[in-house]
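Chains as they are written, first to last, in the numbering used here: chain A, 3 to 1017; chain B, 2 to 418; chain C, 4 to 102; chain D, 339 to 547. For each residue, glycine too, the CB sits at the ideal point set by N, CA and C. Just so we're clear, the structure is a prediction, and the values are computed from it rather than from any experiment. To start, the structure itself, in structure tokens.
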Amino acid sequence: MTSHRIRHEKARVDFGRPISFHFDGKSYTGYAGDTLASALLANGVRMLGRSFKYGRPRGIVGAGAEEPNALTQVETGAATIPNLKATQVELYDGLTARRTTGWPALDFDLKSVSGRFSRFMPAGFYYKTFQSRALWPKFEHVIRQAAGYGSAPEEADLDSYDHSHRHAEVVVVGGGPCGLLTALNLGRAGLNVTLLDEQRELGGWLLSYPHAIIDGQPGYDWLKNIIAELRSLPRVQIFTRTSAFALHDLNLIQAVEQLQDHLPLAERSETSPRQRLHRIRASHIVLATGAIERPLVFGNNDLPGILTASALTTYLNRYGVAVGRRVVMQTSNDFAYQGACDLARAGCSVVLADTRTRPNTVWEQRAHAAGVDVRPGYAISGALGSRAVKAAKLVKISADQNSISGDGPTIECDALGSSGGLSPTVHLYCHDGGRPHWDEEKLAFVAPAMGRAATGIYCVGGITGTFGLQPALMQAHEVSDAVLAATGKASVGERRSIETDEPNAIPARRIFRVPDGKVEGHGKKAFVDFQNDVTAADIHLAVRENYRSIEHIKRYTALGFGTDQGKLSNVNGFAIAAEALGKSIPDVGTTTYRPAYSPVTFGTLAGPHEGDTFEPKRYTPMHASHVARGAVFENVGQWLRPQYFLKAGEDQDAAIRRECIAARRGVGIMDASTLGKIDLQGKDAREFLNRVYANSWTQLAPGKCRYGLMLDENGMVMDDGVTACISDEHFAMTTTTGGAARVLSWLENWHQTEWPDLDVYMTSVTDHWATAAVVGPKSREVLAKVCSDIDLSPSSFKFMDWREGTVAGVAARVFRISFSGELAFEVNVDANYGYHLWEALLAAGAEFDITPYGTDAMHLLRAEKGFIIVGQDTDGSMTPFDLDMAWAVSMKKPFSFIGKRSFARSDTAGPNRKQLVGLLTEDPSIVLAEGAQIIEAPEVNPPVAMLGHVTSSYFSPELGRSIALAVVRDGIKRRSPEGQNAGRDRLFAYFGGQTHRVQVVSPVFVDPKGERQNA
Amino acid sequence: MKKDYSIWSLFTKGLNYNEGWDPAWRSAELKPSYNVVIVGAGGHGLATAYYLAKEHGVRDIAVIEKGYLGGGNTARNTTIVRSNYLWDEATMLYEHALKLWEHLTEELNFNVMFSQRGVFNLGHTLQDMRDIERRVNANVLNGVDAQVLDAAEVKRRIPILNTSRNARYPVLGASYQPRAGVARHDAVAWGFARAASKYGVDIVENCEVTGMDIVNGRLQGLQTSRGSVRADRVGCVASGHSSVLAKMAGIRLPIESHPLQAFVSESMKPVLDTVVMSNAVHGYASQSDKGELVIGAGIDHYTSYTQRGSPHIIEHTAAAIIELFPIFSRVRMNRQWGGIVDTTPDACPIISKTKVKGLYFNCGWGTGGFKATPGSGNVFAHTIANDEPHPLNKAFSLDRFSTGHLIDEHGAAAVAH
Amino acid sequence: MLVLFCPHCQEKREEEEFGYGGEAFRIRPASPDTADDDTWADYLFMRTNPKGWNWELWSHATGCRKFFVVKRNTATNSIAGSWTLSDGRKVYDAEGGSQ
Amino acid sequence: MLEHVSRSPLHAFGLPLQATAINDTRGVWANELPSLGYVSLRGDSKDRTFVEKVTHSLGVALPTSPCTYAGTDGAKVLWISPDEWLIVSQRDRIGSLAADLKAALQGVRSQVADNSGGYTQVLLRGRNALDVLQHTTVYDFAALEPGRVVGTTFGKSSVYAHRSGEGFCLVMRRSFADYIWRYLVRAAAPYGLGIAVVETTGHAALVVA
């Protein structure tokens, strides 16, 4: 194994701490501080996968978030993570990773066969073929199998994630020299500063260019000092391994902090989250996000061993890795020179083709001094090699236009680096609507230094196109002062001029696609977007086909759609498109930058909202009692309510039957605590009720209760419940379980916005009251055992009365209301005593075999009586009249109550409306499905006209047969008189592929005269 | 129409370095007058123009677009196509569309990659299951393929779905429409643009409507950023911007424009081969042919034209997806975006004449417009050509808000995506 | 992600604390029973839905539970201010908003 | 009244049995403060009569500045909105307190509702108490000053929160208490969660710190 390791003291890896890791089943050694990419390169691993469309060999191109190729699957089992860029994976002991492409094997990829036919697979080829309806699913299957990189885990995640909500005066994004200096200036002045950096270590580009001299100090010393001071400032918080991935309206930053992924599996904490999502609302944001070097586009530029010039430099200086020993580089600018010098000094042979005929003389001298073979006026028109780069073909290019002016040598090499200039990292700046502008001198889309200062967003350094260290640091001072001025703070410390040893930069050459002397598309493939296999020719083709908007070009070719989000490719793509369109780059414009800047796990986004804390589960005070008695629970809104109570040997039907019989023949008890309860007080409470309910409340006396229908302005039933008059100016309203919050907000809305003059206040007391409904012929006897201060006699305590008293020793409100049609009492106590009340009632009822029942039995009992459930028997399209509940509407109230006006509209007032009825199947054993459709004839030849549907359906133990409620067009006219089961209209119910004959009857199946509830 | 796109053409053009391809559609300059001008070159607008030309013989048509064609909600949706709606009117309209979808690739000679991989609508509560039963029975009676599946069957078909009874909202079952699926959204716009262009339709991009010329209640023409244009009839299909256009005509619509967000994961190997939608936990997901999980979120509650929403909506959706698919917790979001959806009070569209003669609106598709694209264009073309609604869009007129004849897909169909 | 100033709590709070209540100052017809169908439909369903400055109703749902009005630009999400219902009404009328 | 049969909202977690004296071993200390009573009071803070009568009845100046609270050793009055307050007192005092208020406000536009079953509160102490809160809510608790109370979201629920000594008190609705407690336990896990003895601090919760 040839080592590519070059040990030098500036490297940020710890050569004293070797680390073993596994890649694609082989074991390797790296060092603490390595990334997976640097360690693989150090071990001579070049090819990390095959390309998406053509199956071409691919290797590492970049050194950070910009990496398009090296997508790896890290770890296995529940810990596995798909698609991590090897350039961002910190090496730890025992790390296991594998490549994600190359099938069946890296050495032989089936797609490389298709690659040979690549001329027949231009951009958008799939839109032009596979058009057979019969064959497309098969083609699609093949396409799908071929696509994709890593694999989703096959097990649920064992790690946890959390969120942190922060507020800061200033957030500085980016811990490079500019970010650090700005944070220091602001921190020194006493501002609350939060500094975010995505890397393990602060320093940004300085970590890759350690030879920089700042104010006479070596770069690293400058870095050490500034970090030390920052850490000493009490109001400065520094987060490393924290990637700011989105900037939202009004200065909200989302950032993800990596807390565990860099640790060996065995050292990861089980109590700490894996990642933390920081949501930081900042008064001021300083974007010091730097810039990413883009490569030049040339033939075969995707061979393994071809990297960006800055990545070559980073691997050498930061990680002590020489990607190759014989290096050829090409550049359009000054930036590549330092790396070339460093590589040459490290013992590599370096040829640097500068596409400019007149390079920066200072750099040229330094390069010569370092031993770099500088070739002004040359470019690399193509790379040679099959599985890795073997040589570079140099050509002479014209001084004034991007065309070949002469031949050049072919130089053998084992690494090739190119620099096409820097692309500012403007992503965050653009997330909330900012647009970068094209700077023709810098050849970059840049953000303005004062960003959008009016809203507190500032930019500094590379993001503004200020690429030199010295001017960037001076800009950091300026921006610092602007922020300080905006916050009214005085600056601390002098803003003296900063000196560096950088030569003054000279302009870059305006070149993106290196010419090869051929018409685009005729030569070797020149890739713009590596991850999506988008070539320069593809962009030209898109334009020829009239995909002329940059968004069309992007979407047609898939340019910039990869997990690198086009960090290396976009500007080259825009430039090539501009050339093909004959437009300027700013006229072509950019595509829209969208979060995330770099990918974020779903787990982090979800944070604590999973498992037990996904969404609230609301419990009643009696919950423990229910659990102890075998309750099976149902979700009703956020509440958990007992659906039925299973006894040994029972199934669900048997349990419901037992519960219903108890309530009808003996005594049952139900937990009704979840009902919404609203306390209303005020002189105008009664008038308020008159306005928000369809019926009248004028006559309701203290001590009495009344049922009400609440409508929306569209006239449709939205909620219902019983309201009790506590005193003339005090009412206790109940709402449905699911509607409680909505109703309270609805009432407050009307009161606050429309009728503020009404003297009424309302407060939710839903949680205050625990409610036990004691139901059945024996309920009075049960209650009497635990309540001595209320006269429970029928003559004194009538149906729809309520009384205050003491039950089981606890102060209680007792309502004689019934949702079952039986004699029933709803006992309400302070919820702290709900459990006690429940157990006391069960104990008191033991001799009567009191039976707790759940929502299933409750639904059945009420359906036998034809009582509606809002949301089950109604669906937002039912008026009270549709429900045959005209008795609950008072059209004579002076105020036009909510919803009243809508009744008069032609459709709402018209015939043919669906109305609530009862249904009886001809075969009494058949229980219709809830949701069965009602049709006129038994034949089913679609389309079949539907008259309505079954809303509720049960087998009634009381009647020994099935019953159903339904809404049916003109149903009221169709139904038989109350109590008579011989319906006059026969219809059919359809479900599960079968029709069943039904009769339309009254929805009141049991005790139509209401004798039981009045008993 | 000549079938220019085929294996053969790929082969012959490929031999010639792919230089021989014609423009997919013709870029046109705005002429001074047209028979019909369609405002909005999204899928619906281009389809409208296509069917106007093809089925109604209208020859003088322009589609004008303030940005680039297919750049509005067509470019931003999560591409689900299904027709299993609750109410007859909606079902028939979407089923009409679905039938067109099934032959769209061949009809347009452009592979819109319509993939009938089925759609599951999960039920998590007893009421969800009642609604599913109701909807499926209605679908079957309307001739739409639909099934009710219990939780065990859902688990069998989607093994990675969390069907644990301990989930916060356990999966109790699902409705399933086998013929439903997804399509390649951009391709739909491009395919219609290409086909319409072949019929002579002028497609004018970067042309924003700035005013309407209305005389005596009759539309005469439009003012645009590229000059004025006379038109006998104008059909507005401007998704999020319908209210803005309506205002130019002095009309108020029953519409609010809300952000609707979506996101995709990084590209992965196939792991989900169908479409799963859950209203109770507020998330829906499919996996694109490229391998990205395509995930839709709920709408932001406030109105906005910014094409971006608030992150807590995305966070909630990610949580919902993990609740449904615990194995996706470590999968990463690659990109998120937002569109602007026109929501109506009854969650049903408006395809209607207006009180201004010659002015028609096709809007209010809420979160569910993409799936209707060919059907919407087809019936809207009919409405414009005949100045009378097609039988399938009669119920979707504006006057339903005065008569009270709302269709109300909120009620039980719940998910209107 | 909005931040709204609650004029009752007198603090800026995150959007998650609030509920959106639609367009503000919609006027319920004084006598609905005599309003014609179109007038009623206009009140009930029709919206201006402006692209630009919008007067809108919000409630401080997890805070003080009070409704208040916000003037927000729906094209940019920038916010001009928040007022109590009565104060907002004055500003709105002064701007000619009620016409 | 029947304290022995009363069950607080967090009863199921058996917190009293786990409680120990606060020490340095945990980053966060928490427990429920049971046995407190709550009255929802509504009225117009601009109505001088209302304010005077409440102040007189409670013996505490009714806080009318937004997001403030006031109290004596016996009762704490949390401002909820310009027309709403939550009065916290000892459980055994709440009946008479509500009755007195109700009597004092006869004829004054107002509402007095005993909500003692509807609320509970959790005390949060320790060096990481603020960190835990930052994991749970969008509110800027770092900036919350003593004497101020805020209603804000907590996960997918809501709380009224204020500083109490070096810690915080979170007042929550009964039916959400289970969720909120689980959320707190989860958020506190990285810092170590101790269950604090609160027999004395239960009273301290009523002190205006």
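Within the stretch 754-769 of chain A, contact with chain D at the beta-carbon level (separation under 8 Å) is assigned to 761, 763, 764, 765, 766, 767, 768, 769. Put simply, the CB of residue 435 (chain A) is near chain C, with a gap under 8 Å to one of its CB atoms.
Each residue's CA atom was taken as its position, placing residue 265 (chain B) and residue 554 (chain A) some 19 Å apart. When the Cα atoms are used, residue 134 (chain A) and residue 561 (chain A) turn out to be separated by approximately 28 Å. A straight line joining the alpha-carbon of residue 31 (chain B) with that of residue 98 (chain B) spans about 30 Å. Residue burial is scored here from C-beta neighbours: residue 881 (chain A) has at least 16 other C-beta atoms within 10 angstroms and is therefore classed as buried.
Within chain B, the residues placing a beta-carbon under 7 Å from that of residue 44 (chain C) are 402, 403, ordered along the chain. In the DSSP secondary-structure assignment, residue 633 (chain A) is bridged to A:647. Residue 614 (chain A) has its alpha-carbon roughly 20 Å from the corresponding atom of residue 280 (chain B).
Taking a C-beta distance under 8 Å as the contact criterion, residue 15 (chain A) and residue 34 (chain A) qualify as a contact pair. Ranking A:489, A:476, A:483 by CA distance to the CA of residue 499 (chain A) puts A:476 first.
When Cβ-Cβ separations below 8 Å define contact, residue 95 (chain C) makes no contact with chain B. Comparing alpha carbon positions, the residue from B:240, B:283, B:324 closest to residue 71 (chain B) is B:240.
Burial of residue 228 (chain A) is indicated by the presence of at least 16 other C-beta atoms within 10 angstroms of its C-beta. Taking 8 Å as the cut-off, the beta carbon of residue 125 (chain A) is found closer than this to the beta carbon of residue 543 (chain A).
For residue 307 (chain B), the chain A residues whose C-beta falls within less than 9 Å of its own C-beta are 251, 434, 435, listed in chain order.
Looking only at A:334, A:332, A:373, the smallest Cα-Cα distance to residue 343 (chain A) is reached by A:373. Using a Cβ-Cβ cut-off of 8 Å, residue 55 (chain C) is close to nothing in chain A; its nearest Cβ partner there is about 15 Å away. Under a 10 Å Cβ-count criterion, residue 271 (chain A) is classified as exposed, with fewer than 16 other Cβ atoms of the shown protein chains found around its own Cβ. Shown here for residue 638 (chain A): same chain residues with a beta carbon closer than 8 Å to its own, the five before and five after excluded, namely 676, 739, 740, 857 in chain order.
Under the three-state reduction of DSSP output, residue 745 (chain A) falls in the helix class.
In this structure, residue 456 (chain D) sits away from residue 673 (chain A), with a CB-CB distance that is not shorter than 8 Å. Per DSSP, residue 337 (chain A) is one residue of the alpha helix (DSSP H) stretching across 337-347.
Using a CB distance cut-off of 8 Å, residue 304 (chain B) counts as an interface residue toward chain C.
In the DSSP assignment, residue 57 (chain B) falls outside any beta strand (DSSP E) and within the unbroken alpha helix (DSSP H) covering 44-57. When C-beta distances to chain D are compared with 7 Å, every residue of the stretch 4-35 of chain A stays at or above that value. For the set A:563, A:241, A:274, A:252, the Cα lying nearest the Cα of residue 259 (chain A) is the one of A:241. Within the same chain, 447, 587, 588 come within 7 Å of residue 440 (chain A) by CB-CB distance, once the 5 residues on both sides are set aside. Of the residues B:249, B:231, B:253, the one whose Cα lies closest to the Cα of residue 38 (chain B) is B:231. No residue range can be given for residue 767 (chain A), since it is assigned to no beta strand (DSSP E) and is classified by DSSP as neither H nor E. Contact between residue 547 (chain A) and residue 25 (chain B) holds, since their C-beta atoms are separated by about 5 Å, short of 8 Å. Under the three-state reduction of DSSP output, residue 799 (chain A) falls in the coil class, being neither helix nor strand.
For the stretch 617-632 of chain A, the residues whose beta carbon sits under 7 Å from a beta carbon of chain D are, in order, 617, 618, 619, 620, 621, 623, 626. Per DSSP, the beta-bridge partners of residue 461 (chain D) are D:369, D:507. The continuous stretches of alpha helix (DSSP H) do not include residue 988 (chain A), which lies in the beta strand (DSSP E) extending over residues 988-993. In the structure shown, the three-state DSSP call for residue 262 (chain A) is coil.
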